[in-house]
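Asker:
In this note's numbering, the protein residues as written are 450 to 837.
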């Protein structure tokens, strides 16, 4: 709870600067409008990909992934990180409006989030470290990808208090960002990536946390993944009438966030530029929702297109789920994948629902930019038509 004297001091200070700055990100709740829809692309520093090749004209934001947490502060761990970041910063020459953030954590490096969020002094140390790293490289903001508060991810620590501590951590980072904005004459962004399932909603308090955030990237994918010995749609927009277990979909994920208290315009729909592949699948229903002898491994979009050249794969579609899949009967292989058709439908949904835009993981997985071009053109077309 904010003490009255500090609150009054803050209000007076912000009033003086009102012609030039907003006093806090927590006051920014208005709908930005369809003409400002975001297209956010993650760029993974560990991929064998030259960031200079990113088509910055088709993006509004880039999230560079990932920084680790070392000794309580974010830190880049790869020798190539600095060079990659400098190449991404250079993209602003072709798109001056491009915003570049760095993402902390991810599946592999979320093991220390619970520890740094648990104590006030740790949160302050981490938040100040976030600012230092952001300023050092010239980023426009910070993206947290904690997988997951209050839950087991890959090898992360977690505790019941993560639910409240996550909000406190975001509050502290926002506080530190607000401190430097007036001096820098610049607004800095704070965003997070969130899980799509109900368990993530239950272990966080997004209704309170969102006030510290500019927007939220909802990971609307991996509904069936590397733990499942059963096939399924991994990024379907709507629920399938053939679904028996998870009940997950893009629509369900967005509605869960709205029900949790997040304004719809702050929600960004996540799209995968990859598929999931299962082998030795029971050959019923063309492999859909069948047991397999392997789990769903990640397969890049460009690799899927290469495999299809064999002529063994048949394109299939689930009209209820609005989801595409491939069936290779001769090798008993099932692939859940994202196609231009699916991205067009998701773009339509983003506009109709009033969402903040689209996010995708990850740039290098779509070498020929077929998916990115579809996303850009459909978002741009829909935005233009709605504002005319």
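In this text, a Cβ means the ideal position worked out from N, Cα and C, and glycines have one as well.
Measuring straight from C-alpha to C-alpha, what distance separates residue 547 and residue 539?
Answerer: The residue given as residue 547 occupies position 98 in the chain shown. The residue given as residue 539 occupies position 90 in the chain shown. For residue 547 and residue 539, the distance between alpha carbons rounds to 10 Å.
Asker: Take residue 749 and list the residues in its own chain whose beta-carbon comes closer than 7 Å to its own, dropping the five residues that flank it on each side.
Answerer: Translated into positions along the chain shown, residue 749 becomes position 300. For residue 749, where only same-chain residues beyond five positions count, the Cβ hits under 7 Å are 723 and 814.
Asker: Mind pulling the beta strand (DSSP E) runs of 3 or more residues that sit fully within the stretch 588-665?
Answerer: 590-595 and 638-643
Asker: Just curious, the alpha helix (DSSP H) that residue 576 is in, first and last residue?
Answerer: For the purposes of this step, residue 576 is taken as residue 127 along the chain shown, with counting starting at 1. Per DSSP, residue 576 belongs to the alpha helix (DSSP H) from 569-586.
Asker: Around the C-beta of residue 821, are 16 or more other C-beta atoms found within 10 angstroms, so that it is buried, or is it exposed?
Answerer: Indexing the chain shown from 1 puts residue 821 at position 372. Residue 821 should be labelled buried.
Asker: For the stretch 711-790, list the alpha helix (DSSP H) runs that are entirely contained and at least 4 residues long, ordered along the chain.
Answerer: 750-757
Asker: Out of 595, 589 and 652, state which residue places its alpha-carbon closest to the alpha-carbon of residue 610.
Answerer: Position 161 of the chain shown holds residue 610. The residue with the shortest Cα to Cα distance from residue 610 is 652.
Asker: Among 692, 735 and 789, which one has its Cα closest to the Cα of residue 776?
Answerer: The count along the chain shown starts at 1 and reaches residue 776 at position 327. When each option's Cα is compared against that of residue 776, the closest is 735.
Asker: If you draw a straight line from the alpha carbon of residue 514 to that of residue 755, how long is it in whole angstroms?
Answerer: For the purposes of this step, residue 514 is identified with residue 65 of the chain shown, where counting begins at 1. For the purposes of this step, residue 755 is identified with residue 306 of the chain shown, where counting begins at 1. Using only the alpha carbons, I get a separation of about 26 Å.
Asker: In three-state DSSP terms, what is residue 828?
Answerer: Against the chain shown, residue 828 aligns to sequence position 379. Looking at residue 828 - three-state DSSP - the assignment turns out to be helix.
Asker: Straight-line CA distance for residue 568 to residue 744?
Answerer: Your numbering for residue 568 matches position 119 in the chain shown. Your numbering for residue 744 matches position 295 in the chain shown. The alpha-carbon atoms of residue 568 and residue 744 are separated by roughly 38 Å.
Asker: What's the gap between the Cα of residue 575 and the Cα of residue 664?
Answerer: Mapped onto the chain shown, residue 575 falls at position 126. Mapped onto the chain shown, residue 664 falls at position 215. Approximately 21 Å, taken between the alpha carbons.
Asker: Suppose contacts are defined by Cβ-Cβ distances below 8 Å. Is residue 713 in contact with residue 720 by that definition?
Answerer: Here residue 713 is taken as the residue at index 264 of the chain shown, counted from 1. Here residue 720 is taken as the residue at index 271 of the chain shown, counted from 1. Not a contact, by the Cβ cut-off of 8 Å.
Asker: How is residue 498 classed by DSSP in three states: helix, strand or coil?
Answerer: Within the chain shown, residue 498 is the residue found at index 49, counting from 1. It is coil, neither helix nor strand.
Asker: Alpha carbon to alpha carbon, how far is residue 507 from residue 787?
Answerer: Residue numbering aside, residue 507 sits at position 58 when the chain shown is read from its first letter. Residue numbering aside, residue 787 sits at position 338 when the chain shown is read from its first letter. Rounded to whole angstroms, residue 507 to residue 787 spans 19 Å at the Cα level.
Asker: Of the choices 660, 501, 528 and 612, whose alpha-carbon is the least far from that of residue 495?
Answerer: Translated into positions along the chain shown, residue 495 becomes position 46. For the residues 660, 501, 528 and 612, the minimum Cα distance to residue 495 belongs to 528.
Asker: How many angstroms separate the CA atom of residue 580 from the CA atom of residue 637?
Answerer: Within the chain shown, the letter at position 131 stands for residue 580. Within the chain shown, the letter at position 188 stands for residue 637. So the alpha carbons of these two residues sit roughly 10 Å apart.
Asker: Assign residue 824 to buried or exposed, taking buried as 16 or more other Cβ atoms, counted over all protein chains shown, within 10 Å of its Cβ.
Answerer: Mapped onto the chain shown, residue 824 falls at position 375. Classification for residue 824: buried.
Asker: Mind checking whether residue 686 and residue 771 have CB atoms under 8 Å apart?
Answerer: As a working mapping, residue 686 is identified with position 237 in the chain shown. As a working mapping, residue 771 is identified with position 322 in the chain shown. Closer than 8 Å, so yes.
Asker: Sorted by chain position, which residues of the same chain lie with C-beta nearer than 7 Å to residue 753's C-beta, five sequence neighbours on each side aside?
Answerer: Residue 753 sits at position 304 when you count from the first residue of the chain shown. Closer than 7 Å at the Cβ level, and outside the excluded window around residue 753, lie 724, 784 and 786.
Asker: Is residue 616 closer than 8 Å to residue 577 when the C-beta atoms are compared?
Answerer: By 1-based counting over the chain shown, the position of residue 577 is 128. By 1-based counting over the chain shown, the position of residue 616 is 167. Their beta carbons are not under 8 Å apart, which means residue 577 does not touch residue 616 by this criterion.
Asker: DSSP has residue 510 in a bridge; who is on the other side?
Answerer: By one-based count along the chain shown, residue 510 stands at place 61. Answer by DSSP bridge pairing, in chain order: 489 and 548.
Asker: With a threshold of 7 Å on Cβ separation, who are the neighbours of residue 522 within its own chain once the five nearest residues in sequence on each side are excluded?
Answerer: The residue labelled residue 522 in the question sits at position 73 within the chain shown. If we look at residue 522 and ignore the five residues flanking it on each side, its Cβ neighbours are 574, 575 and 578.
Asker: Have a look at 622, 532, 486 and 803 and flag the residue whose alpha-carbon is nearest the alpha-carbon of residue 565.
Answerer: Position 116 of the chain shown, counted from the first residue, corresponds to residue 565. The option with the nearest alpha carbon to residue 565 is 622.
Asker: Is residue 709 helix, strand or coil by DSSP?
Answerer: In the chain shown, residue 709 corresponds to position 260, counting from 1. In this structure, residue 709 counts as coil in the three-state DSSP scheme.
Asker: Where does residue 684 fall in DSSP's three states?
Answerer: By one-based count along the chain shown, residue 684 stands at place 235. In this structure, residue 684 counts as coil in the three-state DSSP scheme.
Asker: I need the straight-line Cα distance from residue 450 to residue 662, nearest angstrom please.
Answerer: Stepping through the chain shown from its first residue, residue 450 is reached at position 1. Stepping through the chain shown from its first residue, residue 662 is reached at position 213. Because residue 450 sits at a pLDDT of 38, beneath the cut-off of 50, its placement in the model cannot be relied upon, and the following sentence gives the value as read from the coordinates. Their Cα atoms are separated by approximately 19 Å.
Asker: State whether the stretch 664-674 contacts the stretch 629-644, with contact taken as three or more CB pairs (one from each stretch) at a distance under 8 Å.
Answerer: Verdict: yes, contact present.
Asker: Please go through the same chain and pick out, in chain order, the residues whose beta-carbon is closer than 6 Å to the beta-carbon of residue 851, but skip the five residues on each side of it.
Answerer: The chain is shown from 450 up to 837; residue 851 falls before or after that span and cannot be answered.
Asker: Which value, in whole angstroms, describes the spacing of the CA atoms of residue 476 and residue 819?
Answerer: In the chain shown, residue 476 corresponds to position 27, counting from 1. In the chain shown, residue 819 corresponds to position 370, counting from 1. Below a pLDDT of 50, predicted positions are generally treated as unreliable, and residue 476, at 47, falls in that range; no measurement from the model is reported.
Asker: Give me the Cβ distance between residue 602 and residue 556, rounded to the nearest whole Å; I'm assuming they're in contact under 8 Å.
Answerer: For this step, residue 602 is matched to residue 153 along the chain shown. For this step, residue 556 is matched to residue 107 along the chain shown. The pair is a contact, with the Cβ atoms about 6 Å apart (cut-off 8 Å).
Asker: Return the CA-CA distance between residue 726 and residue 545, expressed in angstroms with no decimal places.
Answerer: Locating residue 726 in the chain shown gives position 277, where the first residue counts as 1. Locating residue 545 in the chain shown gives position 96, where the first residue counts as 1. Answer to the nearest angstrom: the Cα atoms are 39 Å apart.
Asker: Mind checking whether residue 591 and residue 806 have CB atoms under 8 Å apart?
Answerer: The residue given as residue 591 occupies position 142 in the chain shown. The residue given as residue 806 occupies position 357 in the chain shown. For residue 591 and residue 806, no; Cβs fall outside 8 Å.
Asker: When you compare the CB positions of residue 692 and residue 738, do they come within less than 8 Å of one another, or not?
Answerer: The count along the chain shown starts at 1 and reaches residue 692 at position 243. The count along the chain shown starts at 1 and reaches residue 738 at position 289. Contact flag set, yes.
Asker: Check residue 517 in the structure and name its three-state DSSP category.
Answerer: Mapped onto the chain shown, residue 517 falls at position 68. Strand, per DSSP.
Asker: Which same chain residues end up closer than 8 Å to residue 700 when comparing Cβ atoms and leaving out the 5 residues on each side of it in sequence?
Answerer: As a first step, residue 700 is located in the chain shown; it is residue number 251 there, counting from the start. Correct list, in chain order: 686, 687, 688 and 798.
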